[in-house]
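First up is the structure itself, then whatever we jot down about it.
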Amino acid sequence: MFALFQTIDLVLNIYTWILIASAVFSWLYAFNVINSSNQLVNSVGTFLYNVTEPVLKPIRRRLPNLGGIDISPIILLVIIFFLRTFLWTTLYPLVA
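Take the sequence shown: its letter number 47 is residue 47 in this note's numbering, and every next letter is one higher.
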């Protein structure tokens with residue numbers, strides 16, 4: 001059972017880093033720091049968008065319009081932090 005909890009925790013940790021990379025990539029893309037016509041940059045951006053957008057889109061629909069500020073990645077990071085903490089402090093002691 002410990003291996004299952006570690007695997008779930010690892011997946012959530014990897015997704016956290018993908019979410020952070022997606023946010024940084026979107027800032028670099030918005031300020032023209034990276035070349036959007038480069039095929040590698042375009043494929044990395046497409047991958048990050050396809051991995052994060054299905055989770056971020058429902059959060060964005062529920063948030064009020066804040067102008068140009070998108071706080072949905074921050075909210076998702078808080079949710080992931082809660083899930084990881086809940087996993088180890090509440091669920092794991094019940095099955096260990």
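Ideal Cβ positions, reconstructed from N, Cα and C, are used throughout, including at glycine.
Taking Cβ to Cβ, would you say residue i is nearer than 8 Å to residue j?
i   : j   : result
T46 : L19 : no
I34 : V24 : no
I8  : L87 : yes
A21 : L48 : yes
Residue i by DSSP, collapsed to three states: which one?
i   : result
P93 : helix
W87 : It is Leu, not Trp, that sits at residue 87 in the sequence shown. L87 falls in the helix class under three-state DSSP.
P64 : coil
Shorter than 8 Å from the beta carbon of residue i to some beta carbon of chain B?
i  : result
D9 : Among the protein chains of the structure shown there is no chain B, as only one such chain exists.
Given 8 Å, three or more beta-carbon pairs between the region 57 to 77 and the region 1 to 13: No, the region 57 to 77 is not in contact with the region 1 to 13.
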